[in-house]
Structures are given as C-alpha cells and as structure tokens.
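Heads up: the protein sequence lines correspond to chains C and S, in order. Under the working numbering, the letters of the first sequence match residues 0 to 204, in that order. Under the working numbering, the letters of the second sequence match residues 0 to 204, in that order. A virtual CB, placed ideally from N, CA and C, is assigned to each residue, including glycine. Everything numeric in this text was worked out from a predicted model, so none of it was measured. Worksheet for the structure shown next.
There are 2 protein chains.
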Amino acid sequence: MNNVSYRLPKTKTGQKTFDKIIRAGKKLFAGNGFQATSINDIIAKARVAAGTFYIYFDNKLALYLYLLDLYRTSIRKASSNAIVGLSSRQAMEREGLKAFIMFVKEDPLAYKLIWESLFVDFTIFKEYYMQFADSYMYHLKKFVDNGEVRNDIDIETVSYVLMGISNFVGLQILFRDKVTEQEIDFVVDEAMKILAAGLFLKVSK
Amino acid sequence: MNNVSYRLPKTKTGQKTFDKIIRAGKKLFAGNGFQATSINDIIAKARVAAGTFYIYFDNKLALYLYLLDLYRTSIRKASSNAIVGLSSRQAMEREGLKAFIMFVKEDPLAYKLIWESLFVDFTIFKEYYMQFADSYMYHLKKFVDNGEVRNDIDIETVSYVLMGISNFVGLQILFRDKVTEQEIDFVVDEAMKILAAGLFLKVSK
Numbered sequence: 000m001n002n003v004s005y006r007l008p009k010t011k012t013g014q015k016t017f018d019k020i021i022r023a024g025k026k027l028f029a030g031n032g033f034q035a036t037s038i039n040d041i042i043a044k045a046r047v048a049a050g051t052f053y054i055y056f057d058n059k060l061a062l063y064l065y066l067l068d069l070y071r072t073s074i075r076k077a078s079s080n081a082i083v084g085l086s087s088r089q090a091m092e093r094e095g096l097k098a099f100i101m102f103v104k105e106d107p108l109a110y111k112l113i114w115e116s117l118f119v120d121f122t123i124f125k126e127y128y129m130q131f132a133d134s135y136m137y138h139l140k141k142f143v144d145n146g147e148v149r150n151d152i153d154i155e156t157v158s159y160v161l162m163g164i165s166n167f168v169g170l171q172i173l174f175r176d177k178v179t180e181q182e183i184d185f186v187v188d189e190a191m192k193i194l195a196a197g198l199f200l201k202v203s204k
Numbered sequence: 000m001n002n003v004s005y006r007l008p009k010t011k012t013g014q015k016t017f018d019k020i021i022r023a024g025k026k027l028f029a030g031n032g033f034q035a036t037s038i039n040d041i042i043a044k045a046r047v048a049a050g051t052f053y054i055y056f057d058n059k060l061a062l063y064l065y066l067l068d069l070y071r072t073s074i075r076k077a078s079s080n081a082i083v084g085l086s087s088r089q090a091m092e093r094e095g096l097k098a099f100i101m102f103v104k105e106d107p108l109a110y111k112l113i114w115e116s117l118f119v120d121f122t123i124f125k126e127y128y129m130q131f132a133d134s135y136m137y138h139l140k141k142f143v144d145n146g147e148v149r150n151d152i153d154i155e156t157v158s159y160v161l162m163g164i165s166n167f168v169g170l171q172i173l174f175r176d177k178v179t180e181q182e183i184d185f186v187v188d189e190a191m192k193i194l195a196a197g198l199f200l201k202v203s204k
C-alpha cells in the first residue's frame, strides 16, 4: 500500500503545476470521495496537461497519501506551534485542543480527507490514528513519570479519549454557522474542566 | 433533503426482497462509498429484478437515509437495552459505552455508513450528531439536576466529549485484530476512570 510514491517538483513552474494538482485533488477527494474521483477529473479541474499528473504521482492513491500526510504534518505543526514555551501538560493539552479546532475551522476539508481514508483503505485509516495515538502516548508518558498525569489509567486508552474529545469538540464547533474565537475558547475550557479533574494531578509550579 | 422516502414491504416475499436490497446497499455504500455506488450496482448485488428497487425507495438517497436511520435506531436500542434497571448515571454511561463498542465490533460497517454521510451531504452528517447530542443533553440534564453530574460544565460540550470518547475508544477496539470481551471491559473501565473523577459527583445510594 505504501509502495506508491510521489516526486516533488524541482522548478518554480513545476511547483505551480504541483500545487494546482494538490488543490484540485483535495477538493475532489473531499467533495466526491476518492472512489468517485478519476485522474482525468483531477487533471481537468487543475487545468494541467494530460500526462503531467504522472510526472509527480504514480497514481491516484499516491496523491491521496501525499495529501493525508500533508494534513498529518500540518495538524502536528499547528499543535506544536501552539505549545511553544509551555511546560505544564494541562496547558499543552488546552492549547493543542484549541489549535486543532482552529485548524479544522479554517480547513474543514481536513475531516473529510482524513475520514475518507476509512473508505480508501481501512489500513490507511488505522495507521493514521494509531500513529497519532503512539505519538500521544510517547508525549504523555513523560508527564505520567513526573506526576502531572494520573498513573493509574491505561495510557493507550487516554490517548484515544483525548483524540475523541478533540475530534468531536471540533465537530461541535464546525456545526455552528458562525463562531468567534471567544466561543471556541469557551468550549475548549469547558472540555478541559473534565480533564483537569479527571486526568491531571495538581503539580506545584 | 428529507423529502425522499421509502415504502415498507407488505408481504413476506416483499420483506425478503426489501432485506436483500438493504444488505446490498449497506455493503456497497460502506465499501465503495455512496457516490461510486449506482442503483444498478445495488440491484445487481441484491439479485432483484430491475425496477424492484423503486417499489421501495424513491432513489439512492432514500435507501441511504433509511440505512442511516436503521443504525441510529439500532445504536440507541443497544444503549437503552444495556442500561435497563440502572439508576446511577455513571453506571449508565459505562454500560452505554460498552454497548456502543460491542455494537460497532459486531458491525464495523456502522462507522463507514455513518461517516459516509459527511460525503453524501454535510447537513445529514450534522443532523445525525446534533440529534445524538440533543438526546444526550436531554438525558444528562436530569442527572445534573439531581446532583450526579457536575453542574459547572456546559452540557452541550459534555455531550460532544462523551460522543468523542465512545467513537474513538470504539476505534481503539476496532483497530485490534482480536479482542475479547474482557479486554473491552478493561478499556471501558479505564475511560470511565477519567469520567468518574472528571464529570460525576459522588452520590449516596
């Protein structure tokens, strides 16, 4: 499944063409789904010459996997930017949750493209979330060790609970027609109340 | 969107045909997605005469909405069966979470069919979860009033947090190749530890 590959552009013109394909693919996969989108659809929407697609991507799956990876990287980057300078895990969790919500609010196609993997190939979907869970566990472990996070709860379950909260509180926000940053802060703080009492231990600072 | 409708069969033979269409639709929508599935595909897979489809369903969307409704009802039924005789909200939440996980473990197509609504029509997806959230809020409200659930957290956010936990702890289980009921109980209990301390107040019984 991961044998398919892509080739990054080497020139400015190439980059432009590459970006057009990326944008077209993102919209079509998220709009009509992976199965119902053909390479011809992508070429037509991107307005690139037939055959150009294959300069960069082996096939449709290669483009999809590239996009999924782009989301994975962008979401992680949004989180890690948001927690720069923080030392308490509870504060990191709050800012990470807010960053995720701001990200999907800005780019609601994220849900579609990521959950689309459930249809593209269950293995891709599974690996996407298992990798997130692994990374969560790795980062939480340190705070279990230093006494900030309860040590009597299975850390894998904690990771899935936290991913579930992010994803569904994200939906709660996305379901509103208009939402201000203040309203996002409110919802984030409400969700954090459960975690403050349920997951975190008080740490003297 | 909800103007499309279906007609239930009136005879035993009709019921058989209807069931065949339901099974075929479920597999095809979950396997290839709504967009990539045609009524002809469904008729072919169900092995029913061409035209029979329209006796029961106005169109493809009517069948999809029927199936989504079937899942909604079945998931609610599984939960409500699981909490018969319980009076504490914390115990209900535990059994409801376990019932949801047992349900999706038995029928993993549930995720696909429900999340597929994100692609069929965002309004359908939104209504599906908003209705669940409304029902959650309605039921939680009573236990906020009687002091079992914290009254200082926005109840809408609580509902999305709980739905997020169910869905993602459900995935955690689904990602395992083999899983025993004992392992499900373990994961459910671990998740409940967060809620026991984070959401519920001790109530004398």
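Discussion item. Measuring only the C-alpha atoms, how far is C/Asn145 from C/Asp133?
Written reply: 19 angstroms
Discussion item. Rounded to whole angstroms, what is the Cα-Cα separation between C/Tyr250 and C/Ile21?
Written reply: This structure cannot settle anything about residue 250 of chain C, because the visible part of chain C is limited to 0 through 204.
Discussion item. Counting only Cβ pairs nearer than 8 angstroms, list the residues of chain C close to S/Thr156.
Written reply: Val168, Gln171, Val186, Glu189, Ala190
Worksheet item: Between the beta-carbon of C/Gly163 and the beta-carbon of S/Ile41, is there less than 7 angstroms?
Response: no
Worksheet item: Any idea what DSSP makes of C/Val148, helix, strand or coil?
Response: Strand.
Discussion item. For S/Phe102 and S/Ile74, what's the separation of their Cα atoms in angstroms?
Written reply: 7 angstroms
Worksheet item: Which of the three DSSP states, helix, strand or coil, is assigned to C/Phe33?
Response: C/Phe33 falls in the coil class under three-state DSSP.
Discussion item. Is it the case that the region 104 to 120 of chain C contacts the region 113 to 126 of chain S, given that we only count it when at least three CB pairs across the two stretches are under 8 angstroms?
Written reply: Result yes; three or more Cβ-Cβ pairs closer than 8 angstroms.
Worksheet item: Where does S/Gln34 land, buried or exposed, given buried means 16+ other C-beta within 10 angstroms?
Response: buried
Worksheet entry | S/Tyr110 - partner residues in DSSP beta bridges | For S/Tyr110, which the question treats as bridged, DSSP gives no partner whatsoever.
Worksheet item: Which two residues bound the contiguous alpha helix (DSSP H) that contains C/Ala81?
Response: C/Ala81 -> alpha helix (DSSP H) spans 59 to 81.
Worksheet item: Does S/Phe199 get closer than 7 angstroms to chain C when you measure Cβ to Cβ?
Response: no
Item to complete: Closer than 7 angstroms, Cβ to Cβ, to anything on chain S: give me those residues from the region 21 to 55 of chain C, in chain order.
Response: Close to chain S, meaning a Cβ-Cβ distance shorter than 7 angstroms, are the following residues of the region 21 to 55 of chain C: Asn31, Gly32, Gln34, Ala35.
Fill in: Opposing strand residues paired with S/Phe199 [DSSP bridges]
S/Val148
Practice prompt. Give a yes or no on whether 7 angstroms exceeds the smallest Cβ distance from C/Tyr159 to chain S.
Written response: yes
Discussion item. Does C/Arg93 pass the burial test, meaning 16 or more other C-beta atoms within 10 Å, or should it be called exposed?
Written reply: buried
Worksheet entry | C/Asn58 classed as buried or exposed, judged by whether at least 16 other C-beta atoms fall within 10 angstroms | exposed
Item to complete: Enumerate in chain order the residues of its own chain whose CB-to-CB distance from C/Leu139 is below 8 angstroms, with the five nearest sequence positions on each side excluded.
Response: Arg88, Val148, Ile154, Val157, Ser158
Practice prompt. Could you check which residue in S/Asp184, S/Ala90, S/Lys97, S/Asp151 has the C-alpha nearest to that of C/Met191?
Written response: S/Asp151
Item to complete: Would you list the residues sitting across from S/Tyr5 in a DSSP beta bridge?
Response: Beta-bridge pairing links S/Tyr5 to S/Phe56.
Practice prompt. Can you grab the Cα-Cα spacing for the pair S/Ser79 / C/Phe199, in whole Å?
Written response: 32 angstroms
Worksheet item: Using a Cβ-Cβ cut-off of 6 angstroms (strictly less than) and excluding sequence neighbours within five positions of S/Leu62, which residues of its own chain qualify?
Response: Gly24, Phe56
Fill in: C/Tyr5 versus C/Thr51: straight-line alpha-carbon distance, rounded
12 angstroms
Fill in: Buried/exposed call for S/Tyr53, threshold 16 Cβ in 10 Å
Under this definition S/Tyr53 is an exposed residue.
Worksheet item: By DSSP, does S/Leu85 sit in helix, in strand, or in coil?
Response: Correct three-state label for S/Leu85: coil.
Discussion item. Suppose you measure from the CA of S/Ile183 to the CA of S/Leu161; what does that come to, to the nearest Å?
Written reply: 17 angstroms
Discussion item. Could you check whether the Cβ of C/Ile152 sits closer than 7 angstroms to any Cβ belonging to chain S?
Written reply: At least one chain S Cβ lies under 7 angstroms of C/Ile152.
Item to complete: State the Cα-Cα distance for the pair C/Gly84 and S/Glu180, rounded to the nearest angstrom.
Response: 43 angstroms
Discussion item. I need the straight-line Cα distance from C/Ser66 to S/Thr12, nearest angstrom please.
Written reply: Residue identity differs from the one stated: residue 66 of chain C is Leu in this sequence, not Ser. Taking the straight line from one Cα to the other gives about 48 angstroms.
Worksheet item: Out of curiosity, what's the CA-to-CA distance linking C/Met91 and S/Tyr128?
Response: 28 angstroms
Item to complete: Write down the C-beta distance between C/Lys19 and C/Ala45 rounded to the nearest angstrom, noting that I regard them as a contact closer than 8 angstroms.
Response: 4 angstroms
Worksheet item: Among S/Gly32, S/Tyr70, S/Leu96, which residue has its Cα nearest to the Cα of S/Ala230?
Response: Residue 230 of chain S cannot be examined here, being either before or after the span of chain S that is shown, 0 to 204.
Worksheet item: Is S/Arg93 helix, strand or coil when you go by DSSP?
Response: In this structure, S/Arg93 counts as helix in the three-state DSSP scheme.
Worksheet item: Quick one: Cα of C/Arg71 to Cα of S/Gln14, how far?
Response: Roughly 46 angstroms separates the two Cα atoms.
Worksheet item: What in chain S is Cβ-close to C/Met136, meaning under 7 angstroms?
Response: Residues of chain S passing the Cβ test: none, with the nearest at roughly 12 angstroms.
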